[in-house]
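First comes the structure, then the notes that go with it.
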Amino acid sequence: MAEDSLTSVAVISRDLREYYTLLHARDGEEAWGMLLSDPRIELVITDVQMPILSGQQLLKLIRQSPETRISSLPVIVMTTAEDSAEKHLAFLNGANDFLNKPVDSLELRARVDVHYRLARNIRELEESKKALAELATTDSLTKLKNRRLFYSQAEQNLSACRRYGKDMSLLLIDIDHFKKVNDTFGHHAGDEVLVKVARLLARMVRAVDTVARFGGEEFAILMPETNRLGAAVLGERIRAAIGREQIVVDGRHIPVTVSIGISTLAAEDIESIDQMLNIADQRLYLAKNGGRNRICVNDDGKSHFA
């Protein structure tokens, strides 16, 4: 509450303190400082006429704030009933509602309740939308990006790399004999293997890379501005690291290895992400067919071994 009149402060505090926690600022400048420093603030009541920074100026700062937490706050402006010019200006500046001075207790409580509930409902809706968006683009088990988001980011990266003449590589990674892991140790152990592999992959890639669970026991990594050699180096590091990883579930050690197929934009004259995936998938098949626990970067099946 931004108000320089102690009488108004006393009246408003009396009417609202049973239901809300009130913070008092003596002018707009002090109120603005509170808004910047206290994320708990959920609604603003401000007088129009205040020293240092007026209610109108405070309202402008709130609506122009780059922080959504601040710019979306409901603001109730207090002014005299006959001051229509100030009300009109406050509306233009983004006020949500008005209170006439002297403040009526019932009207005060009603208006604050309405805007507080509305703001909370909007915030909960935004949080729900954010959660749904995350569910739509995140693998629920491993917390990596899912196939859908991978495709979206891959298309963007392909377009950028082709436009600026940059190379790009893609790794398809498949856990060897994963069905045997499930059959021997149980599906909960298989899930633990997937999570451990996902975490290791996430640690080993760069911030600009995209790593995703592609389905089942298969993962994909997209590496912008990376040639075939760079992709092969990472692939070999991943293969070796997973082979060394100690995965223990219910006291039982589970040996895990992976096979990796690699495709590269410049080397294959790639036209689409699907084409890039198909080439990587063919090389993944060669790595599997060649004995597993290896990477394949060429159609002749040449691989790097432990």
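The sequence shown: position 280 = 280 (full-length UniProt numbering), numbered continuously.
No residue lacks a Cβ here, since even glycine has one placed at the ideal position from N, Cα and C.
{"Asked": "Where does D299 sit, in a helix, a strand or coil, going by DSSP?", "Found": "coil"}
{"Asked": "Using the three-state DSSP reduction, which class does S169 fall into: helix, strand or coil?", "Found": "strand"}
{"Asked": "Rounded to a whole number of angstroms, what is the C-alpha to C-alpha distance between R264 and E126?", "Found": "Here residue 264 is Thr; the residue named in the question, Arg, does not match the sequence. Approximately 40 Å, taken between the alpha carbons."}
{"Asked": "Distance check for A189 and G251, CA to CA, integer angstroms please.", "Found": "11 Å"}
{"Asked": "Quick check on H253: does DSSP put it in helix, strand or coil?", "Found": "strand"}
{"Asked": "Along the chain, where does the beta strand (DSSP E) that runs through D47 open and close?", "Found": "V44 to D47"}
{"Asked": "What separation, rounded to the nearest whole angstrom, lies between the Cα atoms of A6 and L92?", "Found": "Per the sequence shown, residue 6 should be read as Leu rather than Ala. Spanning the two alpha carbons is a distance of roughly 28 Å."}
{"Asked": "Please tell me whether I175 and V258 are closer than 9 Å, where the distance is taken between their beta carbons.", "Found": "yes"}
{"Asked": "Is it true that the CB of M223 sits closer than 9 Å to the CB of R239?", "Found": "no"}
{"Asked": "What are the uninterrupted segments assigned as alpha helix (DSSP H) that are 4 or more residues long and contained completely in the stretch 125 to 205, given in chain order?", "Found": "147 to 163, 178 to 185 and 187 to 204"}
{"Asked": "Use the C-beta contact count for P74: other C-beta atoms within 10 angstroms, 16 or more gives buried, fewer gives exposed.", "Found": "buried"}
{"Asked": "Using DSSP with H/G/I as helix, E/B as strand and the rest coil, what is R239?", "Found": "helix"}
{"Asked": "Tell me which residue opens and which closes the alpha helix (DSSP H) that S71 is part of.", "Found": "T68 to S71"}
{"Asked": "So who's on the other strand from F80, going by DSSP bridges?", "Found": "First, the amino acid is wrong: residue 80 is Thr here, not Phe. Answer is K101."}
{"Asked": "Does DSSP put I62 in a helix, a strand or coil?", "Found": "helix"}
{"Asked": "Start and end of the beta strand (DSSP E) containing residue 309?", "Found": "Outside the shown range of the chain (1 to 306) lies residue 309, about which nothing can therefore be said."}
{"Asked": "Could you check if K143 is buried or exposed, using at least 16 other CB atoms within 10 Å of its CB as the buried criterion?", "Found": "exposed"}
{"Asked": "If we call anything under 9 Å between Cβ atoms a contact, is A10 one with V48?", "Found": "no"}
{"Asked": "Should the stretch 144 to 163 be called in touch with the stretch 79 to 88, which here means at least 3 C-beta pairs below 8 Å?", "Found": "no"}
{"Asked": "What whole-angstrom Cβ distance do I52 and E29 have, given they're in contact under 8 Å?", "Found": "4 Å"}
{"Asked": "For my contact list, I254 and V181 are in at a C-beta cut-off of 8 Å; report their separation, rounded to the angstrom.", "Found": "6 Å"}
{"Asked": "Does R283 pass the burial test, meaning 16 or more other C-beta atoms within 10 Å, or should it be called exposed?", "Found": "buried"}
{"Asked": "Could you name the residues of the same chain whose beta carbon sits closer than 6 Å to that of F214, not counting the 5 residues immediately before and after it, in chain order?", "Found": "R147 and A220"}
{"Asked": "Which of helix, strand or coil does DSSP assign to E218?", "Found": "strand"}
{"Asked": "If I262 sits next to R228, beta carbons under 8 Å apart, how far is it from one beta carbon to the other, in whole angstroms?", "Found": "7 Å"}
{"Asked": "What do you reckon, are the CB atoms on I173 and I260 nearer than 9 Å?", "Found": "yes"}
{"Asked": "Would you mind listing the alpha helix (DSSP H) stretches within the stretch 3 to 43 that are 4+ residues and don't spill past its ends, in chain order?", "Found": "6 to 16 and 28 to 37"}
{"Asked": "What do you get for V44, buried or exposed, if any count of 16 or more other CB atoms within 10 angstroms of its CB means buried?", "Found": "buried"}
{"Asked": "Taking the alpha carbon of Q156 as the point to measure from, which residue in D209, A133 and A131 has its own alpha carbon closest?", "Found": "D209"}
{"Asked": "Would you mind sorting G169 into buried or exposed? The rule is 16 or more other CB atoms within 10 Å of its CB.", "Found": "Correcting the residue identity first, residue 169 is Ser in this sequence and not Gly. Buried, by the Cβ-count rule."}
{"Asked": "Pick helix, strand or coil for I260, following the three-state DSSP scheme.", "Found": "strand"}
{"Asked": "Kindly indicate which three-state DSSP category M50 falls into: helix, strand or coil?", "Found": "coil"}
{"Asked": "Assign M276 to one of three DSSP states: helix, strand, or coil.", "Found": "helix"}
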